[in-house]
Structures are given as structure tokens and as C-alpha cells.
Amino acid sequence: MKKKHTNYFTSPLNRRDFISSLALTTGAIALVGCNFNKQNGLAGEPEVRRITPPRLDTAYLGERIHCYRPMRRGTPNMSLETIADQLIVHNYGHGGSGWTLAPGSAKYVVQLAMDSEKGKAIKKDAPVVVIGAGVMGLFTAYELLQRGYTSVTVKAVSFDNLTSHNAGGLLAPVSMDNNPELQPLIDRIGIDAYRFYAEVAQGKHPHFPAGAKVMPAYFENRSESGLEPYVGKVMQPAKDVVLDFGNGTQRNMVSYDDGIFMDTAVMMESLKNHLQDKVTFEQGKVDNYASVSSLLIFDCSGLGAGALNADKEVVPVQGHLIMLRDQLPADLQSMILVYFSKAKTTSNQEVKRSFYIFPKQLPGSAANDVGVVGGTFIEGATPETPNNEEFDIMVSNARKFYGI
Ligand SMILES: Cc1cc2nc3c(=O)[nH]c(=O)nc-3n(C[C@H](O)[C@H](O)[C@H](O)COP(=O)(O)OP(=O)(O)OC[C@H]3O[C@@H](n4cnc5c(N)ncnc54)[C@H](O)[C@@H]3O)c2cc1C
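Residue 242 in the numbering used here sits at position 236 of the sequence shown; the count goes up by one each step and never skips.
So, in C-alpha cells, the structure goes:
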């Protein structure tokens, strides 16, 4: 007998859901799987899936991480600029969707450069410099190699512990500010990226044997996922499901069963390893393009692009993450993202709070140290306004979500 049946605390159950829940909880038999269980409901009723909540007591919470999404208001900058005799190819400002878009975005900007008059005149063995060693920079360097460029240098202030390593890893175009006119392009790039990660996940990619997995991605509704444009092209339609946490709490959700999880720190390592003996890595800051001795420059400088290009539209979006430890990995084979209403932090900044959990794992960590809980979105927050109280709010919201 269930103790209670609640939908997520932002939206109460409607009558139909309530009746269906009664039918499911009294009439169906659980089929136990290794991660989630299925209950066969009445025809047309949502499938019930059993998910064991992660361990969220303090002893199971690991490192607390602040990290900053490089968002560009309006749209990411994926464009060409000519300065004197140099061709600058911008590829920055992807906000909370850098991983979701990176392989497609890299393909798009490299093609843009190759199709331009100036780009056509640059020989494939001429020096090309990529500024930035985050996911944008590394995928751009990778794409340049794929297109036959032989003298690629990746120059960056920092190569380690970047936003790109810390990011959660859900493939979904969220937390971006997109001009609606550019949405079709963003969708196209995302679909391209989905294909890339799907190849990695299926073990079919020639260069990256690991770093992405196919698994259910759960959202409260279809529109919040950002994935609807992918349906029918690379993804199957989402299903209505009921998540049953085995403790009396259930949530009505939608599931994209062919969601993609990118293990970001692992993939960054794979990218770097692949590029290691094929490109030159150089540490240093680029303050202006004239100081770079190359006619072809790819600007993948993330938040650094604000100063480098005097681009006032670039803004950090602060996120809070907590790594989990000593979990049961079999229970962490899906992704969840739900949003709450906006609120104010103690530093009086507007925060869009959410709860998300992904099976992220740091390279070299113990097998059971798996999982990351996030999420805040605080536009304009910097290390000077760490909003540390958000970590506890996040864990408390996560516990409420699971009813623990
Ligand atoms: C909490 C959080 C969770 C996230 N989760 C997801 C997710 O689940 N899915 C998803 O798709 N995305 C996610 N993201 C977004 C994603 O992480 C970013 O969009 C992406 O990492 C940005 O990559 P980047 O290469 O543009 O920037 P970065 O990783 O910040 O790299 C920038 C690089 O540029 C270099 N640089 C900067 N300025 C200069 C300069 N002047 N000269 C030389 N080098 C310079 C830096 O040293 C660095 O190497 C998340 C982000 C956060 C903060």
C-alpha cells in the first residue's frame, strides 16, 4: 500500500492522473529490472518505473563545485570576422548547452570558414590557432584535423578544471538565450551533435570508444526538455511515465528513453588524449588577435570572449554542483531535470532553481563514487557572489523530490 501519491511539488495531480495512479498501484505487478522496474498499467495509462533514490545523506555528498556557464545573450557567436588579414572564427557563448552542441557547433564553424573566400585561400598546412581548451576548443581542433588541417595549435589560459570538465552532462539544449530566428540553426547543430554522441555511445565511433551513454532522460514536461525538435529526426517521441521511488512517492514525468548522457570529465580526457600528439598545446592568454601569428584563428574562449571581443552580451551563469559518493551505480542509470520557480539568493540575485541528477564520474574515481546533483542558474553571479547557501537548498529540494 502506498503511503502517498504526489506529483512534483510544483504541480498537483489532476483527477485523471489520480485515478490512473490508483489503478497502477493496486492492480499491477512490478517487473524488477536492474535499474528501474516497469509496471504494466491499463491501456493508455503511463508506464510506472521504479527508481531507487540515490543516497543523499551528508556522508554521501562529495565535492561542492561552483561553475560558470559562458552564455551570450541573444545567441552563441558562431560567425566569421575579418581583422586586417586575419580570419577570426567565433565559437563561444553556448551557455548551459555547450556540451549538447559542441561537436555540431565545431563542424558548423569549420565549414563556415572553409566556405569563405578568405578561408579558401588559406592552405591546409598553414598554422591555425584555436583559442581555448574547453569542449568548444577541443572539438574545434578535432574537427580541423578531420578536415585535413595539419598545423593546429590550441592556446589557452587553462587546460584543467574548466567549466567543460565540471558540467553535468545531459544532452538537452537548455539554459541558452536564443534569438528565435536562429533556433532552426541551433536545432540543426544539436541534431548533428546528437548523432556524434550516439555513435560514441554505441561504440561505433572510430576515435572515442567511451564518454557517452544512451539512457532515459526524465523531465516534467516535453517543452522544458528542449528536445522536441530532435524527435522524429534522431530521437523517439517522449513517453508519459510515473516514477515510483519505492517509498510512497511518485512523480508524473516524461521520458526520452534515447536520452544521451555525456560523461564530461571523461570525454575531456579522451579528447585531450586523442589530440595530444596531433596538435600543439600552448599555455597562455590571448589579449588581442594581432598577437597571434596565424591567418586563421578560432575563438573558443568561453567567458574570456567577453574581454577578448569587447562583447557585452557575454555573461556568466553560475551553477552549483555536488558530486556524490558511495552510491549504487546500478541505481544511477538515468537522468532527471526538473525546474522550480524563480527566487532570490541571499546576495539578492535572481536564481532559477532546479534539481538535476546525472551519473557523472570523475576519471580515476572509485566505481561507487558516481553521480552529480545540480542545479542553479544565476545570471551575472561571479566568484565574488558564491551564493553558497544554494548547495543546501539544492540537496533539500533533491530530498523532497524523492520523498526522502
Ligand atoms: C553547472 C553547469 C552544468 C552544466 N551542465 C551541462 C549539461 O548538462 N549539458 C550541456 O550541454 N552543457 C552543460 N553546461 C554548459 C557547458 O559546460 C558549457 O557550455 C561549456 O563547457 C562551455 O565550453 P567552452 O569551451 O566554451 O568554455 P570553457 O570550458 O570555459 O573553456 C574556455 C577556454 O578558454 C580559455 N580562455 C578564455 N579566455 C582566454 C584568453 N583570452 N586567451 C586564451 N585562452 C582563454 C580558458 O582558459 C579555457 O581553456 C553546464 C555548465 C555548468 C556551469
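Using N, Cα and C, we set each Cβ at its ideal position, and we do this for glycine too.
Any non-hydrogen atom of ligand 1 closer than 7 Å to residue i Cβ
i: S371; result: no
i: I137; result: yes
i: G386; result: no
i: R75; result: yes
i: V357; result: no
i: T169; result: yes
i: H411; result: Outside the modelled stretch of the chain, which goes from 7 to 410, sits residue 411, for which no answer is possible.
i: T106; result: yes
i: A216; result: no
i: K161; result: yes
i: Y420; result: The first residue shown for the chain is 7 and the last is 410, placing residue 420 beyond what the model contains.
i: K291; result: yes
i: F397; result: no
i: L233; result: no
i: M142; result: yes
i: L151; result: no
i: G68; result: no
i: A173; result: yes
i: G310; result: yes
i: F1; result: There is simply no residue 1 to check, as the chain begins at 7 and stops at 410 in what is shown.
i: G196; result: no
i: L314; result: yes
i: L327; result: yes
i: S103; result: yes
i: S353; result: no
i: S307; result: yes
i: L249; result: no
Sequence-distant residues of the same chain with beta carbon closer than 7 Å to residue i, five excluded per side
i: N184; result: T81 and I192
i: M268; result: W105, G175, L177, Y203, G217 and A218
i: E205; result: H211
i: P392; result: H72
i: P60; result: L330, Q333, D337, L338, I363 and G377
i: M259; result: Y224, F225, E226, V247 and L249
i: P369; result: A271, V272 and E275
i: L309; result: Y74, P76, V320 and P322
Opposing strand residues paired with residue i [DSSP bridges]
i: R359; result: T382
i: R78; result: V320
i: D250; result: R56 and Q256
i: G92; result: The residue asked about is misnamed: residue 92 is Gln in this sequence, not Gly. Answer is I89, bridged to Q92.
i: M341; result: A223
i: N83; result: Y98
i: M268; result: A218
i: K130; result: The partner list for K130 (beta bridge, DSSP) is empty, contrary to what the question assumes.
i: H72; result: H326
Exposure label - residue i; buried when at least 16 CB within 10 Å
i: A349; result: exposed
i: T255; result: buried
i: A223; result: buried
i: I89; result: exposed
i: L334; result: exposed
i: A404; result: buried
i: R257; result: buried
i: G294; result: Reading off the sequence, residue 294 comes out as Asn, not Gly. Its Cβ having fewer than 16 others within 10 Å, N294 is exposed.
i: Q208; result: exposed
i: Q324; result: buried
i: S164; result: exposed
i: G290; result: exposed
i: N97; result: buried
i: Q231; result: The sequence given here has Ser at residue 231, not Gln. The residue in question, S231, is buried, as its Cβ has 16 or more Cβ neighbours within 10 Å.
i: S27; result: Because S27 sits at a pLDDT of 32, beneath the cut-off of 50, its placement in the model cannot be relied upon, and the following sentence gives the value as read from the coordinates. When all chains shown are included, S27 counts as buried.
i: A244; result: buried
i: G39; result: Legend: pLDDT at G39 = 31, less than 50; position of this residue unreliable, no value from coordinates given.
i: A372; result: exposed
i: T352; result: exposed
i: P322; result: buried
i: R78; result: buried
Contacts around residue i, its chain only, beta-carbon distance under 8 Å, and the 5 residues preceding and following it disregarded
i: T270; result: W105, V141, S170, H171, N172, A173, G174, G175 and K366
i: N20; result: Below a pLDDT of 50, predicted positions are generally treated as unreliable, and N20, at 30, falls in that range; the measurement from the model is reported next regardless. No residues qualify anywhere along the chain.
Cut-off 6 Å between Cβ atoms - residues of its own chain near residue i, not counting five sequence neighbours on either side
i: L327; result: I71, V378 and G380
i: L281; result: A147
i: H100; result: P82 and L107
i: L302; result: L93, I128 and V134
i: P52; result: D246, V247 and V248
i: I195; result: L107, G110, S111 and Y114
i: T159; result: V135, T286 and E288
i: A162; result: G138 and A139
i: L168; result: G140
i: F346; result: R359
Cutoff 8 Å: residue i Cβ touching any chain D Cβ
i: P392; result: No chain D appears in the structure shown, which is made up of a single protein chain.
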